[in-house]
Structures are given as C-alpha cells and as structure tokens.
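Student: One structure, pasted below without further comment.
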Amino acid sequence: MTTDAEADPNDDRREYADLGATTQNAMEIAETSMEIVRQFVPDETLADRVRQKSVHSMGDIEFQHLLRFTGENEDEPVQAGARAVLAEATIVTDITMAKAGVTSRGHSCEKRKAIGSGAELAKETGMTRTAASMLELDREGAFENAIVTVGNAPTAALALADCIEQGTRPAVVVATPVGFVKAEESRKRIREVCTERGVPAITNVGKRGGSGLAAALTNELIHVASDAREGKLSIEAGAD
C-alpha cells in the first residue's frame, strides 16, 4: 500500500528517482530504468547524467554519442543550467509541448513558451510563427539569463542563434529540434554561435531530437540542481 509520504509529491522527505514520478511504483520503475541505463552509459560526470537522460528518453543506448556540450568542458552547460535553476531563472521553450514536458517540481522557475508571441511579425514578414515568436520574446528580454529550450522548430533555433549573435545571453541553451529540413544545420549554428559568444549549450547531431528529448534534458538540469540543493553533489566539482 502507498503511504501518504510516498504519495504526496510535495513531501520533502521523499527521494525521487525521477522528478516525474509521484507514486512508489512509478519511482521504482524510473529507478530500475536508470539502473539499466547506467550499465551502458558512464556515471562519472555531470555531462554523463545528461547522456543517461538522453538514452532514457530516446530508448536508444547509442544516442549518448550524439550529444554535444558547448563550453570550456562538457560539464559547464550542466553546471550553468543547475545554477540558473537554483537562481529561479525563467525557463523558456519554443512550443507548448516542450513546456508541458518540463517538470514543475523541484524548482520555482517560471515556465514560458515562445509560440503565441510575434503573430504580427510572422504575418508581416512571412517567417515561421516559431521564429517570429523567438524574436518577439528576445525584444522583451525574455532570454537574458534564462534557460532556453528548443525542442521542435529548427527556425526557432536559428532565430535564437541570431539573437545570441547580436548580444543576447541566456544562462544555457538546450536545442534538439527535430526533422529533415534545417534541423541539423540549426543545431550546428547554435553550437557555433554559442561557442563564439561563450554561452553554454547542449545540442545533438543527426536528424533525431524533439520536444520530449529537450524537456528531458532540461529536467535533468533541474534534477542536478535539486541534488546540489540537498548537498548530494557539488555543481562545481561534478557528480562525485
């Protein structure tokens, strides 16, 4: 039988295997899944935790080799993301699906989505709604020191890259847009611009990706922050 402490997602006494699990059975399934993943993915660094999450999300052991980390070292984007979570930075996603996938537990960050903004700009210029939405939010200063997550639209990633190139500085970028048109190119551009401008970023290579992956990687930043808050690890030193 599930006790009240096990069932209450707000009970701080609980230790979560996954921030999405809210019952004992769900936590056991999540932890068992991660134990299996750890048999195939290293568990030595903060970047390894993100690799594990990507494998768990995609159901593909080889996906760990497709992630790319932009920064002085592979842990830097994870450290930057966790620090942003602890500072209660805004989490901005490109579309509703990615926003819905980012957990509301384990943090006090505001969650925003870009889609729905910039309708007039899209109409005037003919650019995609997601690209126009990203530009509109940038005009509002929404990306400054924020966690910016792009999971669906390559044009959103390209627009974000332009914003960063022009001086916008998010705390960290998670960009895994999916598709056969401009997806790979958009992620490559994110990596190049973020490297040039010193913005930490997590991306992937290849044609796969998507909002589910982007949300999962963002959730791992939240999970790392939660563990750091509880003294389970040092963000600066990595996961010991």
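Okay, so the sequence shown: first residue is 40 according to the working numbering, each after it adds one. Ideal Cβ placement from N, Cα and C applies to all residues, glycine included.
Report the three-state DSSP secondary structure of asparagine 258 (helix, strand or coil).
Tutor: The answer is helix: DSSP assigns asparagine 258 an H, G or I state.
Student: Grab me the residues of alanine 86's own chain with a C-beta within less than 7 Å of its C-beta, minus the 5 sequence neighbours each way, in chain order.
Tutor: These residues qualify, in order along the chain: Phe108, Glu113, Asp114 and Val117.
Student: Is the CB-CB distance between alanine 214 and isoleucine 229 below 7 Å?
Tutor: Result yes, Cβ atoms of alanine 214 and isoleucine 229 sit closer than 7 Å.
Student: In three-state DSSP terms, what is serine 143?
Tutor: Note: serine 143 maps to coil in three-state DSSP.
Student: Between the Cα of glycine 155 and those of Gln91, Glu163, Leu176 and Glu149, spot the shortest distance and give me the residue it belongs to.
Tutor: For the residues Gln91, Glu163, Leu176 and Glu149, the minimum Cα distance to glycine 155 belongs to Leu176.
Student: Leaving out the 5 sequence neighbours to the left and right, which residues in its chain are closer than 7 Å to glutamine 103 when beta-carbon positions are compared?
Tutor: Val80, Arg90, Ser93 and Val94.
Student: How is valine 106 classed by DSSP in three states: helix, strand or coil?
Tutor: Sequence check: residue 106 is leucine here, not valine. Three-state DSSP puts leucine 106 in a strand.
Student: Within 10 angstroms of the Cβ of glycine 110, are there 16 or more other Cβ atoms? Answer buried if so, exposed if not.
Tutor: Buried, since its Cβ has 16 or more Cβ neighbours within 10 Å.
Student: Exposed or buried, which one is aspartate 82 when buried takes at least 16 other CB atoms within 10 Å?
Tutor: Aspartate 82 is exposed by the Cβ-count criterion.
Student: Any heavy atom of the ligand FAD closer than 6 Å to the beta-carbon of glutamate 101?
Tutor: Questions concerning the ligand FAD fall outside what the structure shown contains, since it holds no ligand whatsoever.
Student: Run the CB neighbour count on threonine 207, radius 10 Å, all protein chains shown included, and call it buried at 16 or more, exposed below.
Tutor: Under this definition threonine 207 is a buried residue.
Student: For aspartate 133, count neighbouring C-beta atoms within 10 Å of its own C-beta (all shown protein chains included) and say buried if the count is 16 or more, exposed if not.
Tutor: Label assigned to aspartate 133: buried.
Student: Could you tell me which whole beta strand (DSSP E) segments of length 3 or greater appear in the region 211–269?
Tutor: Qualifying beta strand (DSSP E) stretches, in chain order: 211–214 and 240–243.
Student: Exposed or buried, serine 225, counting other C-beta atoms within 10 Å across all chains shown (16 or more means buried)?
Tutor: Classification of serine 225: buried, given that the 10 Å Cβ count is 16 or more.
Student: Secondary structure at valine 189, three-state DSSP: helix, strand or coil?
Tutor: Strand.
Student: Is it right to say lysine 138 is buried, meaning 16 or more other beta carbons lie within 10 angstroms of its own, or is it exposed?
Tutor: Buried.
Student: Alpha carbon to alpha carbon, how far is glutamine 205 from isoleucine 75?
Tutor: Each residue's Cα considered, the two are about 43 Å apart.
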